[in-house]
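Order-wise, the sequence lines are chains A and B. For the first sequence, the residue numbers in numbering that gives the first Met the number 0 are 0 to 387. For the second sequence, the residue numbers in numbering that gives the first Met the number 0 are 0 to 387. Cβ atoms here follow ideal geometry from the backbone N, Cα and C, with glycine treated the same way. Take a look at the structure set out below.
Number of protein chains: 2
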Amino acid sequence: MLTLAQQVAPEPAAPLPDHAEQHECYRWHTEGDDRGTSQPEGTLNVITTRDIAERLGISVSTVGRALADDARISEETKFRVRQTASEMGYVGNRAARMMRGASSNVVALVIPDIRNSFYSTIAHELSKNMAAEGFQLMLSETDDDRMVELRHLRELSANRVAGVIIVPTARPHSESVKLLRAVPHLQLLRRHPSLGSQWFGVDDREALHRATAHLVALGHTRIAYLGGPEELPTGAERLRGFRAALEEGGLADDAGRAELGPPSSVHHGREAVRRLLQEPAAPTALVLGSIQLTLGVLEELSAQGVKVPGELSLVGFGDEPGFSWWGPGLTTIGLPIQEMATSCALWLLRRLKNGPENDGPYTSVSPGSLVLRGSTAPPDGKASSKSS
Amino acid sequence: MLTLAQQVAPEPAAPLPDHAEQHECYRWHTEGDDRGTSQPEGTLNVITTRDIAERLGISVSTVGRALADDARISEETKFRVRQTASEMGYVGNRAARMMRGASSNVVALVIPDIRNSFYSTIAHELSKNMAAEGFQLMLSETDDDRMVELRHLRELSANRVAGVIIVPTARPHSESVKLLRAVPHLQLLRRHPSLGSQWFGVDDREALHRATAHLVALGHTRIAYLGGPEELPTGAERLRGFRAALEEGGLADDAGRAELGPPSSVHHGREAVRRLLQEPAAPTALVLGSIQLTLGVLEELSAQGVKVPGELSLVGFGDEPGFSWWGPGLTTIGLPIQEMATSCALWLLRRLKNGPENDGPYTSVSPGSLVLRGSTAPPDGKASSKSS
DNA sequence: ACCTGTTGTGCTAACGTTAGCATTGCTGGA
DNA sequence: TCCAGCAATGCTAACGTTAGCACAACAGGT
């Protein structure tokens with residue numbers, strides 16, 4: 000069978016190595032019989048307004064104004080300029096324009112990890128809304144490391160991004176705070192007081208409160224919570240919601256068990272749930288506090304063949320594609336990320352258009368919802384309501 | 000119970016509306032008793048080298064050289080400049096530097112949709128590798144629309160990005176081709192001849208060939224393929240692999256049935272598999288040609304309660320978290336996206352460092368692998384090998 | 001005393017674009 | 001005939017940074 004590489008280059012067929020053995024196979028073609036351009040790429044001399052002006056025998060100003068559709072330029076000149084610009088492949092230089100005081104058309108999204116579907120959804124909504132208004136999106140991943148965050152913010156500042164939407168690390172560096180102060184910005188999901196009071200988030204406490212209360216109502220008395228560390232604002236809120244629900248349910252202090260750790264580690268989710276199940280008085284119910292942890296827990300429970308909700312009732316976090324078909328269907332905490340992201344985008348766009356006017360403290364809290372499926376039941380093992 | 004908003008603003012508690020009813024609740028605080036800075040944000044006058052020079056009574060050149068750690072500047076001056084720069088919160092203006100011929104430190108990733116985990120994995124790897132070398136990542140989503148793609152490429156060109164990694168649409172606009180020609184670029188996964196011969200992709204044909212051959216070997220004689228349109232290079236290759244395997248298996252022409260459609264529509268996956276199962280001579284096996292279609296199919300089969308592999312053998316595409324715990328475990332086509340993305344990043348970095356030298360046609364083809372789980376079996380219904 | 005080299009710094013131009021002001025040629029009213 | 005007014009365009013400076021060249025001060029060798 001022919002492979003793609005062989006189709007592309009009609010050289011004598013050097014058979015490809017075994018697929019199972021290596022991951023990549025490189026091919027340098029020595030001759031350029033390829034359909035692609037033969038010009039050295041990336042070396043194209045860039046066209047400026049001056050080039051156009053010289054070609055047409057007019058001044059740079061006129062060219063600039065014609066391209067900007069200035070009213071003072073005759074239609075005929077405009078037409079000739081535009082035509083020539085197009086012919087010569089002119090592309091305006093935004094860096095030069097920026098130096099004349101214009102602001103950039105780039106906004107940045109600073110998040111822990113784009114692979115988390117939470118954040119990729121946000122990135123998508125943001126990108127879509129921003130692109131519609133002519134803005135480009137810059138993506139910076141912090142990996143929840145404040146120094147990485149700082150490095151990114153330095154770069155973003157140097158690039159003079161017009162705005163920043165950030166899911167901050169637990170305790171941003173003081174220089175990060177300074178840098179953000181010079182740019183319209185918005186905190187998302189997590190909130191750190193030093194970064195100002197523009198914040199869009201979810202009511203984490205309420206969300207976990209409802210999830211936990213649901214388990215309490217079913218009659219569970221040994222409930223565990225597995226979530227992010229308390230130093231993260233979201234982690235702290237979620238833990239509070241969990242504890243509050245236990246307290247309100249009149250459960251003893253030792254009824255609840257909280258296991259905190261890195262929230263974006265699938266691996267940690269697997270480890271933690273394994274430990275929990277091996278304990279002498281293992282919990283009969285488990286609430287989760289992050290998507291990645293949920294993914295890990297689901298993997299581990301599947302692997303171990305734990306019966307849900309028979310042996311363990313489970314409330315997940317977030318609502319990923321696989322959650323609905325996992326085991327009996329995963330009861331989970333659903334969050335309106337898409338709507339939130341859109342709101343963020345619109346807020347930032349308005350802020351960028353209107354300037355700092357009316358730019359007082361601003362906060363938007365979205366509530367979560369409890370999506371009831373089959374993974375929760377009373378502790379005796381009888382399945383409860385099952386609906387999607 | 001208190002909500003976050005109330006904690007943030009100690010105003011008389013206006014009770015939050017019912018959570019189930021609305022998605023967001025806005026709060027404008029009229030007074031700034033917030034901990035955040037009281038400076039008008041985003042209005043900070045930006046510091047330039049000139050400001051530093053004036054403060055120290057030296058020339059801009061000296062400041063510039065001190066900051067660039069030029070050997071000709073005395074250590075003492077360097078120290079004073081750096082200190083003052085830090086004090087004043089100086090952040091170099093990359094736009095100005097770019098005008099002096101320096102290239103930008105931004106590379107762009109142009110993809111259909113970041114929500115596809117395929118692409119978010121790529122974005123992550125790219126971002127990580129690029130950030131390590133001081134590059135920032137710009138994200139552009141095309142939604143598989145060539146005009147959107149064009150608009151993005153225009154913006155990217157205006158911003159003078161240093162490089163572009165692109166998953167092109169089926170038939171890029173001729174202006175897109177021109178624009179890309181001026182920038183070091185690299186095609187990923189999909190390949191369009193007009194965009195040159197730098198390409199990293201997977202052996203789509205081989206991957207689908209193996210998946211289909213696996214089903215043929217099990218004894219299936221009515222096999223369906225559900226994948227992207229033939230106009231996409233990946234779509235065409237996958238279809239070819241599917242057909243080739245059928246042919247080699249000695250099956251009649253009508254044994255195979257190909258259903259083509261939008262590859263990134265989960266909804267279309269659901270619809271299509273529903274139609275397939277209702278047909279008079281419904282297929283006994285199904286191979287999929289995209290992640291999103293696979294997600295749709297899994298949802299639909301779960302919802303309908305179709306027995307897999309009893310009633311239908313299934314080979315998915317990609318390897319998402321949920322695939323291993325879906326039903327009996329999904330046999331699927333695994334692709335080394337992570338490794339591919341890393342290779343892309345390294346290639347582009349090398350290209351950016353070394354310039355166009357040695358920049359001939361280049362192609363890298365990664366093979367896929369068949370991950371055997373429980374969703375495939377002989378047509379009589381007996382389960383085959385089950386391993387993860 | 002002169003030349004040479006070194007060290008540290010300043011001056012100036014240039015990158016591509018745009019905004020303010022000046023200039024040219026023309027039309028129409030006094 | 002002269003000038004106001006307008007339309008169309010040109011000239012120049014400025015944005016912040018950097019590279020090339022010039023310059024000043026001083027040391028060491030002849």
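Residue i, enclosing alpha helix (DSSP H) - first and last residue
| i | result |
| --- | --- |
| T83(A) | E74 to M87 |
| F316(B) | Here F316(B) belongs to no alpha helix (DSSP H); instead the beta strand (DSSP E) covers S312 to F316. |
| P232(A) | P232 to E247 |
| T120(A) | S116 to A131 |
| E53(B) | T48 to L55 |
| R71(A) | Element bounds for R71(A): n/a, residue is neither H nor E. |
| L66(A) | V59 to L66 |
| R99(A) | It is not in any alpha helix (DSSP H) - R99(A) carries neither H nor E in the DSSP assignment. |
Residue i, enclosing beta strand (DSSP E) - first and last residue
| i | result |
| --- | --- |
| M363(B) | The sequence as given places Ser at residue 363(B); Met does not occur at that position. Its beta strand (DSSP E) spans residues Y361 to S365. |
| A257(B) | G255 to L259 |
| V370(B) | S368 to V370 |
| I110(A) | V105 to I110 |
is_contact[residue i, chain B] using C-beta, thresh 8 Å
| i | result |
| --- | --- |
| V166(A) | no |
| D50(A) | no |
| D144(A) | no |
| G304(A) | no |
| T396(A) | Outside the modelled stretch of chain A, which goes from 0 to 387, sits residue 396(A), for which no answer is possible. |
| P39(A) | Its pLDDT being 43, under 50, P39(A) is placed unreliably in this model, and the value from its coordinates should be taken loosely. Judged by the 8 Å Cβ criterion, P39(A) is in contact with chain B. |
| G321(A) | yes |
| S264(A) | no |
Residue i versus the options, residue with shortest Cα-Cα distance
| i | options | result |
| --- | --- | --- |
| G56(A) | N44(A), T76(A), A376(A) and R96(A) | T76(A) |
| R79(B) | G321(B), A70(B) and T61(B) | T61(B) |
| V314(A) | S175(A), G328(A) and L238(A) | G328(A) |
| E132(A) | R274(A), L311(A), K352(A) and K306(A) | K352(A) |
| P355(B) | A70(B), R180(B) and R150(B) | R180(B) |
| G309(A) | F316(A), A281(A), L231(A) and T375(A) | T375(A) |
| K306(A) | G373(A), S193(A) and V163(A) | G373(A) |
| A416(A) | L225(A), I336(A), G249(A) and T211(A) | No statement about residue 416(A) is possible, as the shown extent of chain A runs from 0 to 387 and does not include it. |
| F134(B) | M146(B), V105(B) and R114(B) | V105(B) |
| L245(A) | H219(A), H266(A) and S264(A) | H219(A) |
| G227(A) | A216(A), L217(A), R221(A) and F241(A) | F241(A) |
| R189(A) | V364(A), V370(A) and P377(A) | V364(A) |
| V90(A) | S102(B), T47(B) and L155(B) | L155(B) |
| E229(B) | G248(B), P261(B) and G255(B) | P261(B) |
| F117(B) | G326(B), L369(B), Y361(B) and P320(B) | P320(B) |
| A340(A) | A302(A), M87(A), Q186(A) and M97(A) | Q186(A) |
| R49(B) | A84(B), R71(B) and L311(B) | A84(B) |
| A212(A) | G248(A), T330(A) and V59(A) | G248(A) |
Short CB-CB distance (under 8 Å) between residue i and chain A
| i | result |
| --- | --- |
| H123(B) | yes |
| L371(B) | no |
| S156(B) | yes |
| Q135(B) | yes |
| K177(B) | yes |
| S301(B) | yes |
| D318(B) | no |
| R189(B) | no |
| R269(B) | no |
| H28(B) | Bear in mind that the predicted position of H28(B) carries a pLDDT of just 34, short of 50, making it unreliable; the figure below should be weighed with that in mind. Yes, because at least one Cβ of chain A sits closer than 8 Å to the Cβ of H28(B). |
| S374(B) | no |
* To do: Taking only runs that begin and end inside the stretch 140-222 of chain B, name each unbroken alpha helix (DSSP H) of 4 or more residues, in chain order.
  => 145-157, 173-180 and 203-217
* Which ranges would you report for the beta strand (DSSP E) in the stretch 270-346 of chain A if only whole runs of at least 3 residues count? -> 284-287, 312-316 and 330-333
* Report the residues of the stretch 89-106 of chain B with a CB closer than 9 Å to any CB of chain A, ordered along the chain. => V90, G91, N92, R93, A94, A95, R96, M97, M98, S103, N104 and V105
* Which of the residues in the stretch 59-80 of chain B, read from start to end, lie with their CB under 9 Å from any CB of chain A? -> none
* Taking a cut of 7 Å between CB atoms, which residues from the stretch 272-288 of chain A lie near chain B? -> none
* Asked: Between the stretch 206-239 of chain B and chain A, which residues of the former have a C-beta closer than 7 Å to a C-beta of the latter?
  -> H208 and E236
* Using a beta-carbon distance cut-off of less than 7 Å, what residues from the stretch 332-364 of chain B approach chain A? -> P335, E338, S342, P355, D358, G359, P360, Y361, T362, S363 and V364
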